[in-house]
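Novice:
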Amino acid sequence: MRSSMAKEWTYAIRSGRLVVLLGSFLFLAISTPLMYKFVLPMILESQLGQVSGQDLATMINMGQRESTQSYIGDVFEIGSIVVAFSLCGLLAQEISENTLVIPLCSGKRYGEVIGTKMLVFGLILSLVQCISTFATYVYSGLLFSFELDPGPVIISGILQGVYMLFLLSCILMWGVSVKRPIPTGFATLATVYGMHFLGSIFNMEKYLPSGLLIEANKMGSGSILQIAGTILPTVVLIVLMTLAAVARMKGLTWNER
Amino acid sequence: MIMARNIHKSFGGKKVLNGVNMNVREGEIYGFIGQNGAGKTTTLNILAGLSRPDGGYCRVNGKDTSLIGHPGDLKIGYLPEEPRFYPWMTAWETLEYLMEGKDSEKVLDLLCMVGLEKHAEGRIGGFSRGMKQRLGIAAALSRDSKLLILDEPSSALDPEGRAQVLDLILSLKGTGRTIIFSTHILSDVERVCDTVGILRDGVVAVEKPIRELKRLNDGWVYVISLEGKVEKELLGKIRGLDCVVDLWEREEGIRVKTNGSSLASLELMGALVENQVKVETFIKERSSLEEIFLQEVSFK
Numbered sequence: 357m358r359s360s361m362a363k364e365w366t367y368a369i370r371s372g373r374l375v376v377l378l379g380s381f382l383f384l385a386i387s388t389p390l391m392y393k394f395v396l397p398m399i400l401e402s403q404l405g406q407v408s409g410q411d412l413a414t415m416i417n418m419g420q421r422e423s424t425q426s427y428i429g430d431v432f433e434i435g436s437i438v439v440a441f442s443l444c445g446l447l448a449q450e451i452s453e454n455t456l457v458i459p460l461c462s463g464k465r466y467g468e469v470i471g472t473k474m475l476v477f478g479l480i481l482s483l484v485q486c487i488s489t490f491a492t493y494v495y496s497g498l499l500f501s502f503e504l505d506p507g508p509v510i511i512s513g514i515l516q517g518v519y520m521l522f523l524l525s526c527i528l529m530w531g532v533s534v535k536r537p538i539p540t541g542f543a544t545l546a547t548v549y550g551m552h553f554l555g556s557i558f559n560m561e562k563y564l565p566s567g568l569l570i571e572a573n574k575m576g577s578g579s580i581l582q583i584a585g586t587i588l589p590t591v592v593l594i595v596l597m598t599l600a601a602v603a604r605m606k607g608l609t610w611n612e613r
Numbered sequence: 003m004i005m006a007r008n009i010h011k012s013f014g015g016k017k018v019l020n021g022v023n024m025n026v027r028e029g030e031i032y033g034f035i036g037q038n039g040a041g042k043t044t045t046l047n048i049l050a051g052l053s054r055p056d057g058g059y060c061r062v063n064g065k066d067t068s069l070i071g072h073p074g075d076l077k078i079g080y081l082p083e084e085p086r087f088y089p090w091m092t093a094w095e096t097l098e099y100l101m102e103g104k105d106s107e108k109v110l111d112l113l114c115m116v117g118l119e120k121h122a123e124g125r126i127g128g129f130s131r132g133m134k135q136r137l138g139i140a141a142a143l144s145r146d147s148k149l150l151i152l153d154e155p156s157s158a159l160d161p162e163g164r165a166q167v168l169d170l171i172l173s174l175k176g177t178g179r180t181i182i183f184s185t186h187i188l189s190d191v192e193r194v195c196d197t198v199g200i201l202r203d204g205v206v207a208v209e210k211p212i213r214e215l216k217r218l219n220d221g222w223v224y225v226i227s228l229e230g231k232v233e234k235e236l237l238g239k240i241r242g243l244d245c246v247v248d249l250w251e252r253e254e255g256i257r258v259k260t261n262g263s264s265l266a267s268l269e270l271m272g273a274l275v276e277n278q279v280k281v282e283t284f285i286k287e288r289s290s291l292e293e294i295f296l297q298e299v300s301f302k
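Top to bottom, those sequences are chains A and B.
First residue of the first sequence: 357, per my numbering; consecutive thereafter.
First residue of the second sequence: 3, per my numbering; consecutive thereafter.
(1) Quick check on A:Pro506: does DSSP put it in helix, strand or coil?
(2) Along chain B, which residues have their Cβ under 8 Å away from the Cβ of A:Leu460?
(3) When the cut-off is 8 Å and only beta carbons count, does B:Ala141 lie next to chain A?
(4) Pull up the DSSP beta-bridge partners for B:Gly176, would you.
(5) Can you say whether A:Val469 is buried or exposed, counting buried as having 16 or more other CB atoms within 10 angstroms of its CB?
(6) Identify every run of the alpha helix (DSSP H) within the segment 41 to 119 of chain B, keeping only runs that are complete inside it and at least 4 residues long; order them along the chain.
(7) Among B:Asp146, B:Leu201, B:Glu95, B:Arg86, which has the Cα closest to the Cα of B:Lys175?
(8) Could you give the DSSP three-state label for B:Phe301: helix, strand or coil?
(9) Measure from the alpha carbon of B:Val22 to the alpha carbon of each residue in B:Gly14, B:Glu30, B:Arg7, B:Phe13, then state which is nearest.
(10) Would a C-beta distance cut-off of 8 Å place B:Gly74 and A:Cys444 closer than the cut-off?
(11) What are the boundary residues of the alpha helix (DSSP H) that includes B:Arg193?
(12) Closer than 8 Å is the cut-off here; do at least three beta carbon pairs connect the segment 478 to 494 of chain A with the segment 511 to 530 of chain A?
(13) So which residues of chain B does A:Arg604 contact, with C-beta pairs closer than 9 Å?
(14) Could you give the distance in angstroms between the alpha-carbon of A:Leu528 and the alpha-carbon of B:Ala165?
(15) Express the C-alpha separation of A:Ile434 and A:Gly513 in angstroms, rounding to a whole number.
(16) Comparing the C-beta of A:Glu614 with each C-beta of chain B, is any distance below 8 Å?
(17) CA-CA distance, A:Val439 and A:Val431?
(18) Looking at chain A, which residues of the segment 182 to 194 of chain B have a Cβ within less than 7 Å of any of its Cβ atoms?
(19) Run through chain A and tell me which residues come within less than 9 Å of B:Ile78, C-beta to C-beta.
(20) So which residues of chain B does A:Lys363 contact, with C-beta pairs closer than 8 Å?
(21) Could you give the DSSP three-state label for A:Ala491: helix, strand or coil?
(22) Is B:Thr180 near B:Lys210, with beta carbons less than 8 Å apart?
(23) Taking only beta carbons into account, state which residues of the segment 21 to 51 of chain B come closer than 7 Å to chain A, listed in chain order.
(24) Who are the Cβ neighbours of B:Leu172 in its own chain at under 7 Å, not counting the five residues just before and after it?
(25) Am I right that A:Glu424 and A:Val509 are in contact with their C-beta atoms under 8 Å? What's the rounded C-beta distance?
(26) For a cutoff of 8 Å on Cβ pairs, would you count A:Ser359 as touching chain B?
(27) In chain A, which residues lie less than 9 Å from B:Gly138 when you measure between Cβ atoms?
(28) My assumption, with CB atoms under 8 Å, is that B:Pro82 sits in contact with A:Val457. Please give the rounded CB distance.
(29) When the cut-off is 8 Å and only beta carbons count, does B:Ser144 lie next to chain A?
(30) Ignore the nearest five residues each way along the sequence and tell me which others in B:Leu118's own chain have a CB closer than 8 Å to its CB.
(31) Please report the straight-line C-alpha distance between B:Glu30 and A:Ser452, rounded to a whole angstrom.
(32) Run the CB neighbour count on A:Met560, radius 10 Å, all protein chains shown included, and call it buried at 16 or more, exposed below.
(33) Assign B:Ser189 to one of two classes, buried (16 or more other C-beta atoms within 10 Å of its C-beta) or exposed (fewer than that).
(34) Taking the alpha-carbon of A:Cys486 as reference, which of A:Ser380, A:Val592, A:Gly517, A:Leu446 has the nearest alpha-carbon?
(35) Assuming A:Ile437 and A:Leu545 are in contact, meaning their beta carbons sit under 8 Å apart, how far apart are those beta carbons, in whole angstroms?
(36) A:Lys363: which of A:Pro389, A:Val476, A:Thr388, A:Val395 sits nearest, CA to CA?
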């Protein structure tokens with residue numbers, strides 16, 4: 357298990373996945389407050405003519421809270437795409453390129469292969485979310501003013517991390533089924549966005565993984581019960597999808613040409 | 003060690019294996035040969051637990067392959083035809099990963115055994131196919147398995163590397179291991195194998211100890227190179243001689259397999275003189291596995 361974890365960590369570093377993920381989310385985290393502080397007022401000013409920037413600020417709420425919330429919104433819309441396509445080959449590529457054949461014959465178990473990917477990349481994604489959310493909190497605090505406590509922001513980062521775990525389990529499940537990286541990315545996004553879409557139609561969002569981001573957006577104003585009610589179904593989904601991936605692996609034919 | 007009975011396998015309606023039967027005894031080196039696309043890799047994949055047969059029964063290392071939940075349960079060492087590794091890992095890291103990082107001394111031993119000790123810290127992405135093949139052999143040996151299944155272990159290697167791999171296979175036999183390997187290099191089989199299995203039309207057409215096979219097919223082969231083009235009429239006449247068992251046209255001339263009659267050379271020469279053909283060389287050789295193989299697969 358330890359050697360498998362070391363292997364996944366080495367892969368994250370040497371393949372540049374860690375840099376891509378951290379870089380992408382930090383870019384979003386830094387650019388969102390900048391957009392709110394400078395770009396958005398400029399656009400509105402040019403559109404509305406004689407209205408001054410100060411008036412605009414009173415017309416639309418622009419502060420640390422709004423900026424951080426906007427970043428969390430981006431995590432669902434843009435972040436999901438970044439994660440789906442930068443990690444789509446995590447398992448699918450290993451299957452299609454037959455790189456798992458020798459490890460499997462050497463005794464690596466299916467659960468170990470999937471479990472270590474979940475553990476290492478889950479940790480990386482969760483940390484990246486926490487760091488990025490904290491970065492946007494600090495930067496928007498510097499640009500506007502510090503109106504939020506750091507505690508709810510960290511909780512918000514953790515909730516996003518759990519959402520990322522769901523995204524990862526989805527990538528692994530589709531990776532074993534589709535066995536091709538890019539279609540795996542699309543299937544993952546279709547699942548994530550599809551669930552969100554259906555959830556909003558039937559008013560069930562709070563029981564779905566995307567509900568975690570809605571809770572994260574509340575910045576601590578949601579109750580613990582509400583948060584637990586969203587986390588629980590997501591955790592169940594993560595476990596089910598991970599088990600489905602392991603079960604599907606058992607039925608695969610390996611070393612296909 | 004391996005027992006396969008009536009193994010069937012199809013891909014998209016195309017039958018590849020049509021009732022393969024095999025017996026590999028403990029401690030022997032079994033050479034598995036067949037034409038390209040005959041189904042050697044498919045058979046070895048099934049034996050390694052990587053693929054399930056459509057029908058039939060297979061027992062490897064004392065375990066029914068249809069009952070195992072994981073290829074690792076067979077406790078074999080397996081080398082795929084084209085070993086694929088993580089290109090971003092080093093040779094050392096790969097073996098350490100496969101062996102759970104237990105024994106760095108053993109990692110070094112394995113790398114030395116396959117001649118990769120100087121490339122231990124080199125990324126596999128920069129390795130040649132031959133180097134990957136060597137690393138694949140080291141990986142197959144990393145579990146100390148009693149049974150090794152090697153798919154074309156020497157095919158990507160240069161002559162020196164090939165000789166080293168064959169020596170390695172022979173030395174492993176001395177440690178009590180059972181080895182089954184597929185190849186298209188028949189001289190390799192002749193050199194190291196105890197038993198040979200020839201796959202033809204999805205079945206093992208011949209499975210015999212190599213000595214017995216050679217004894218049964220005892221005879222002489224005449225390699226005759228002629229000046230100018232070989233006429234079809236002449237070939238027909240030679241083929242019609244009583245002593246001739248088989249005949250193949252080659253770049254260097256013709257190869258004629260005879261039944262071992264002491265008058266065969268005279269009969270052949272007579273036919274050549276009668277047709278007024280100029281002969282450049284006329285060499286008499288012992289029948290090799292190649293002739294036996296070609297005879298069996300009717301690849302003439």
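We put the beta carbon where it would ideally sit given N, CA and C, even for glycine.
Only a predicted model underlies this, so the values are computations on that prediction, with no experimental measurement involved.
Specialist: Put simply:
(1) Assignment of A:Pro506 by DSSP, reduced to helix, strand and coil, places it in the helix class.
(2) Within chain B, the C-beta atoms nearer than 8 Å to that of A:Leu460 come from Leu52, His72, Pro73, Gly74, in chain order.
(3) Yes, its Cβ sits closer than 8 Å to a Cβ of chain A.
(4) DSSP, once it has assigned bridges, lists no residue as partnering B:Gly176.
(5) A:Val469 is buried by the Cβ-count criterion.
(6) Here the runs fully enclosed are 42 to 49, 93 to 100, 106 to 115.
(7) Distances from the alpha-carbon of B:Lys175 to those of B:Asp146, B:Leu201, B:Glu95, B:Arg86 put B:Asp146 closest.
(8) The predicted model places B:Phe301 with a pLDDT of 45, which falls under 50 and marks its position as unreliable; any figure quoted below should be read in that light. In the structure shown, B:Phe301 falls within a coil segment according to DSSP collapsed to helix, strand and coil.
(9) B:Val22 has its Cα closest to that of B:Arg7, out of B:Gly14, B:Glu30, B:Arg7, B:Phe13.
(10) No, the Cβ-Cβ distance between B:Gly74 and A:Cys444 is not below 8 Å.
(11) For B:Arg193, the enclosing alpha helix (DSSP H) begins and ends at 188 to 194.
(12) Taking 8 Å as the limit for Cβ pairs, the verdict is that the segment 511 to 530 of chain A does touch the segment 478 to 494 of chain A.
(13) Proximity of chain B to A:Arg604 at the Cβ level (cut-off 9 Å) is not reached, the minimal Cβ distance being about 13 Å.
(14) Whole-angstrom Cα-Cα distance: 43 Å.
(15) Rounded to whole angstroms, A:Gly513 to A:Ile434 spans 16 Å at the Cα level.
(16) With chain A covering only 357 through 613, there is no way to say anything about residue 614 of chain A.
(17) Cα to Cα, the separation comes out at about 10 Å.
(18) Taking 7 Å as the Cβ-Cβ cut-off, the segment 182 to 194 of chain B has no residue approaching chain A.
(19) Here the neighbours are Cys461.
(20) Within 8 Å Cβ-Cβ: Tyr88, Met91, Glu95, Tyr99.
(21) Helix.
(22) B:Lys210 is positioned such that its CB atom lies no closer than 8 Å to that of B:Thr180.
(23) Legend: CB atoms of the segment 21 to 51 of chain B lying less than 7 Å from CB atoms of chain A belong to residues Asn47, Ala50.
(24) Around B:Leu172: Val194.
(25) A quick correction: the sequence has Thr, not Glu, at residue 424 of chain A. 7 Å between Cβ atoms; contact.
(26) So, interface residue.
(27) In chain order, Ile458 make up the part of chain A whose C-beta sits under 9 Å from the C-beta of B:Gly138.
(28) A Cβ-Cβ distance of about 5 Å is found for the pair B:Pro82 and A:Val457, placing them in contact under the 8 Å criterion.
(29) Proximity of B:Ser144 to chain A, defined by a Cβ-Cβ separation below 8 Å, is satisfied.
(30) Same-chain partners within the cutoff: Ala93, Met133, Arg136, Leu137, Ala140.
(31) For B:Glu30 and A:Ser452, the distance between alpha carbons rounds to 34 Å.
(32) By the 10 Å Cβ count, A:Met560 comes out exposed.
(33) Burial call: exposed.
(34) The shortest CA-to-CA distance from A:Cys486 to any of A:Ser380, A:Val592, A:Gly517, A:Leu446 is the one to A:Gly517.
(35) About 6 Å separates the two Cβ atoms, so the contact holds.
(36) For A:Lys363, the nearest C-alpha among the options comes from A:Val476.
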